[in-house]
Amino acid sequence: MPKIPAAKQSPPPRAWQRMLSGRRLDLLDPSPIDIEIDDIAHGLARVARWNGQTVGPLPFNVAQHSIIVEELCSVFKPGWPSKWRLAALLHDAPEFVIGDMISPFKAQLGGQYKVIEKRLQEAIHLRFSLPAELPEAVEKTIKRADRACAFFEATQIAGFESTEARKIFGAPRGVEPFEIQVLTAIQSQKHFLNRFSALYKILSD
(Lines of atoms letter the chains of each structure in order from A; the text may use other names.)
(Lines give C-alpha, C1' and ligand atoms only; values in the text may rest on other atoms or scores of the structure.)
Protein backbone atom coordinates (compact mmCIF):
# COMPACT_ATOMS: atom_id res chain seq x y z
CA MET A 4 0.00 0.00 0.00
CA PRO A 5 1.55 3.34 -0.99
CA LYS A 6 2.51 5.65 1.84
CA ILE A 7 0.46 8.83 2.07
CA PRO A 8 2.75 11.79 2.68
CA ALA A 9 2.03 13.71 5.85
CA ALA A 10 0.38 17.06 5.33
CA LYS A 11 2.77 19.97 5.64
CA GLN A 12 2.09 22.17 8.60
CA SER A 13 1.93 25.87 7.90
CA PRO A 14 4.36 27.97 9.92
CA PRO A 15 2.76 30.03 12.68
CA PRO A 16 1.77 33.54 11.60
CA ARG A 17 4.42 36.19 12.14
CA ALA A 18 4.02 37.83 15.53
CA TRP A 19 6.89 40.32 15.43
CA GLN A 20 7.25 43.79 14.02
CA ARG A 21 10.46 45.27 12.71
CA MET A 22 11.29 48.63 14.25
CA LEU A 23 13.21 51.47 12.66
CA SER A 24 16.03 50.72 15.10
CA GLY A 25 16.32 47.29 13.51
CA ARG A 26 14.83 45.49 16.52
CA ARG A 27 12.24 42.79 15.94
CA LEU A 28 9.71 42.98 18.73
CA ASP A 29 7.67 39.83 19.39
CA LEU A 30 4.16 41.01 20.26
CA LEU A 31 3.23 37.76 22.00
CA ASP A 32 6.44 37.34 23.98
CA PRO A 33 8.12 40.77 24.09
CA SER A 34 11.66 40.96 25.40
CA PRO A 35 12.92 44.11 27.17
CA ILE A 36 16.12 43.96 25.12
CA ASP A 37 14.10 44.54 21.92
CA ILE A 38 12.61 47.79 23.21
CA GLU A 39 14.22 51.15 22.39
CA ILE A 40 12.96 54.54 23.56
CA ASP A 41 13.55 56.04 20.11
CA ASP A 42 11.14 53.48 18.61
CA ILE A 43 8.56 54.26 21.30
CA ALA A 44 8.80 58.03 20.82
CA HIS A 45 8.68 57.74 17.03
CA GLY A 46 5.65 55.46 17.11
CA LEU A 47 3.62 57.31 19.75
CA ALA A 48 4.16 60.64 17.98
CA ARG A 49 2.49 59.14 14.91
CA VAL A 50 -0.47 57.43 16.61
CA ALA A 51 -3.60 59.59 16.66
CA ARG A 52 -5.81 59.78 19.73
CA TRP A 53 -9.59 59.55 19.25
CA ASN A 54 -9.09 57.62 15.98
CA GLY A 55 -8.14 60.95 14.42
CA GLN A 56 -11.59 62.43 15.12
CA THR A 57 -10.25 65.76 16.38
CA VAL A 58 -10.53 69.31 15.12
CA GLY A 59 -7.76 71.16 13.32
CA PRO A 60 -5.22 70.26 10.66
CA LEU A 61 -3.06 68.06 12.93
CA PRO A 62 -3.98 64.81 14.68
CA PHE A 63 -3.51 64.86 18.44
CA ASN A 64 -0.93 62.18 19.07
CA VAL A 65 -0.27 59.79 21.94
CA ALA A 66 3.20 61.18 22.65
CA GLN A 67 1.77 64.61 23.45
CA HIS A 68 -1.01 63.02 25.52
CA SER A 69 1.62 61.09 27.50
CA ILE A 70 3.60 64.27 28.23
CA ILE A 71 0.47 65.99 29.56
CA VAL A 72 -0.45 63.00 31.74
CA GLU A 73 3.02 63.03 33.31
CA GLU A 74 2.69 66.76 33.98
CA LEU A 75 -0.73 66.26 35.59
CA CYS A 76 0.70 63.57 37.87
CA SER A 77 3.21 66.11 39.16
CA VAL A 78 0.29 68.45 39.92
CA PHE A 79 -1.65 65.74 41.76
CA LYS A 80 1.46 64.43 43.54
CA PRO A 81 4.04 67.21 44.06
CA GLY A 82 7.44 65.70 44.77
CA TRP A 83 6.45 62.34 43.30
CA PRO A 84 9.55 60.16 42.72
CA SER A 85 10.97 60.37 39.21
CA LYS A 86 10.41 56.64 38.66
CA TRP A 87 6.65 57.06 39.02
CA ARG A 88 6.67 60.10 36.76
CA LEU A 89 8.58 58.04 34.21
CA ALA A 90 5.91 55.34 34.54
CA ALA A 91 3.28 58.02 33.86
CA LEU A 92 5.14 59.15 30.74
CA LEU A 93 5.23 55.53 29.55
CA HIS A 94 1.66 54.66 30.56
CA ASP A 95 0.53 54.29 26.93
CA ALA A 96 3.88 53.11 25.57
CA PRO A 97 2.54 49.77 24.22
CA GLU A 98 0.56 51.81 21.70
CA PHE A 99 3.77 52.50 19.78
CA VAL A 100 3.33 49.04 18.30
CA ILE A 101 -0.35 48.10 18.80
CA GLY A 102 -1.94 51.51 18.20
CA ASP A 103 -4.47 53.43 20.25
CA MET A 104 -7.75 51.56 20.52
CA ILE A 105 -10.64 53.62 21.87
CA SER A 106 -12.12 52.20 25.07
CA PRO A 107 -15.41 50.93 23.54
CA PHE A 108 -13.43 48.90 21.00
CA LYS A 109 -11.05 47.54 23.65
CA ALA A 110 -14.09 46.29 25.58
CA GLN A 111 -15.29 44.38 22.52
CA LEU A 112 -11.87 42.82 21.85
CA GLY A 113 -11.86 41.29 25.30
CA GLY A 114 -9.14 39.55 27.27
CA GLN A 115 -6.58 38.68 24.61
CA TYR A 116 -5.96 42.33 23.77
CA LYS A 117 -5.42 43.10 27.45
CA VAL A 118 -2.97 40.21 27.77
CA ILE A 119 -0.87 41.46 24.85
CA GLU A 120 -0.99 45.04 26.13
CA LYS A 121 0.02 43.95 29.66
CA ARG A 122 2.97 41.88 28.43
CA LEU A 123 4.24 44.80 26.37
CA GLN A 124 3.83 47.20 29.30
CA GLU A 125 5.74 44.88 31.62
CA ALA A 126 8.59 44.49 29.11
CA ILE A 127 8.77 48.27 28.68
CA HIS A 128 8.87 48.80 32.45
CA LEU A 129 11.68 46.27 32.87
CA ARG A 130 13.66 47.81 30.01
CA PHE A 131 13.69 51.16 31.78
CA SER A 132 14.32 49.98 35.37
CA LEU A 133 10.72 50.15 36.56
CA PRO A 134 8.84 47.35 38.32
CA ALA A 135 6.94 45.13 35.90
CA GLU A 136 3.74 45.85 37.83
CA LEU A 137 3.22 49.24 39.43
CA PRO A 138 1.86 49.70 42.97
CA GLU A 139 -1.91 50.16 43.01
CA ALA A 140 -1.65 53.72 44.37
CA VAL A 141 0.66 54.69 41.50
CA GLU A 142 -1.69 53.15 38.95
CA LYS A 143 -4.61 55.09 40.44
CA THR A 144 -2.77 58.42 40.22
CA ILE A 145 -1.78 57.80 36.60
CA LYS A 146 -5.34 56.78 35.77
CA ARG A 147 -6.67 59.94 37.42
CA ALA A 148 -4.31 62.07 35.32
CA ASP A 149 -5.19 60.06 32.20
CA ARG A 150 -8.91 60.67 32.68
CA ALA A 151 -8.39 64.36 33.42
CA CYS A 152 -6.37 64.72 30.23
CA ALA A 153 -9.05 62.81 28.30
CA PHE A 154 -11.70 65.21 29.63
CA PHE A 155 -9.83 68.28 28.35
CA GLU A 156 -9.08 66.57 25.03
CA ALA A 157 -12.72 65.53 24.66
CA THR A 158 -14.14 69.00 25.30
CA GLN A 159 -11.52 71.01 23.43
CA ILE A 160 -10.59 68.97 20.37
CA ALA A 161 -12.81 65.87 20.14
CA GLY A 162 -16.25 67.48 19.91
CA PHE A 163 -17.74 66.43 23.27
CA GLU A 164 -20.07 68.67 25.22
CA SER A 165 -18.89 69.27 28.78
CA THR A 166 -21.90 67.44 30.28
CA GLU A 167 -21.27 64.35 28.18
CA ALA A 168 -17.54 64.36 28.95
CA ARG A 169 -18.20 64.59 32.68
CA LYS A 170 -20.43 61.51 32.51
CA ILE A 171 -17.81 59.48 30.67
CA PHE A 172 -14.52 60.70 32.15
CA GLY A 173 -15.57 62.48 35.32
CA ALA A 174 -14.94 66.13 36.09
CA PRO A 175 -11.23 66.78 36.71
CA ARG A 176 -10.49 67.66 40.33
CA GLY A 177 -7.39 69.35 41.71
CA VAL A 178 -6.20 70.80 38.42
CA GLU A 179 -6.81 74.13 36.72
CA PRO A 180 -8.25 73.96 33.18
CA PHE A 181 -5.60 74.35 30.50
CA GLU A 182 -5.66 74.86 26.75
CA ILE A 183 -4.36 72.11 24.50
CA GLN A 184 -2.09 73.31 21.71
CA VAL A 185 -1.75 70.42 19.29
CA LEU A 186 1.85 69.73 18.30
CA THR A 187 3.26 68.14 15.18
CA ALA A 188 4.61 64.60 15.30
CA ILE A 189 8.20 65.89 15.18
CA GLN A 190 7.59 68.36 18.03
CA SER A 191 5.87 65.73 20.18
CA GLN A 192 8.59 63.18 19.51
CA LYS A 193 11.29 65.65 20.56
CA HIS A 194 9.47 66.74 23.72
CA PHE A 195 8.75 63.14 24.69
CA LEU A 196 12.40 62.14 24.30
CA ASN A 197 13.59 65.19 26.24
CA ARG A 198 11.22 64.43 29.09
CA PHE A 199 12.23 60.78 29.11
CA SER A 200 15.92 61.66 29.18
CA ALA A 201 15.46 64.03 32.12
CA LEU A 202 13.49 61.53 34.20
CA TYR A 203 15.59 58.50 33.31
CA LYS A 204 18.81 60.35 34.14
CA ILE A 205 17.53 61.06 37.65
CA LEU A 206 16.46 57.43 37.99
CA SER A 207 19.87 56.15 36.83
CA ASP A 208 21.99 58.47 38.99
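Just so you know, we're using our numbering here: the sequence shown kicks off at 4 and counts up by one.
For each residue, glycine too, the CB sits at the ideal point set by N, CA and C.
Candidates the options, of which the one nearest residue i by Cα
i: R88; options: P97, I101, E98 and E74; result: E74
i: H68; options: G82, E125, L186 and E136; result: L186
i: K86; options: H128, A48 and G113; result: H128
i: E156; options: R176, K170 and T57; result: T57
i: K80; options: K117, V141, A161 and T158; result: V141
i: E39; options: D32, A48 and L28; result: L28
i: P97; options: T144, D37 and I171; result: D37
i: S200; options: P175, Y116 and L92; result: L92
i: I160; options: V118, P62 and G177; result: P62
Which residues DSSP lists as bridging residue i, in chain order
i: Q190; result: None; Q190 has no bridge partner.
i: R21; result: R27
i: A51; result: N64
Exposure of residue i, with buried meaning 16 or more beta-carbon neighbours within 10 Å
i: E139; result: exposed
i: Q111; result: exposed
i: P33; result: buried
i: L202; result: buried
i: A18; result: exposed
i: T166; result: exposed
Anticipated Cβ contact below 8 Å, residue i with residue j, distance rounded
i: A188; j: N64; result: 6 Å
i: C152; j: V78; result: No, C152 and V78 are not in contact; Cβ-Cβ is about 11 Å, not under 8 Å.
i: V100; j: L133; result: Not quite, the Cβ-Cβ distance comes to about 18 Å (not below 8 Å), so this is no contact.
i: A47; j: F195; result: The residue asked about is misnamed: residue 47 is Leu in this sequence, not Ala. Indeed they touch by this definition, with Cβ atoms about 7 Å apart.
Evaluate the contact criterion for the region 36 to 56 versus the region 99 to 111: three or more CB pairs, one atom per stretch, below 8 Å.
Judged by Cβ distances under 8 Å, the region 36 to 56 makes contact with the region 99 to 111, as three or more pairs qualify.
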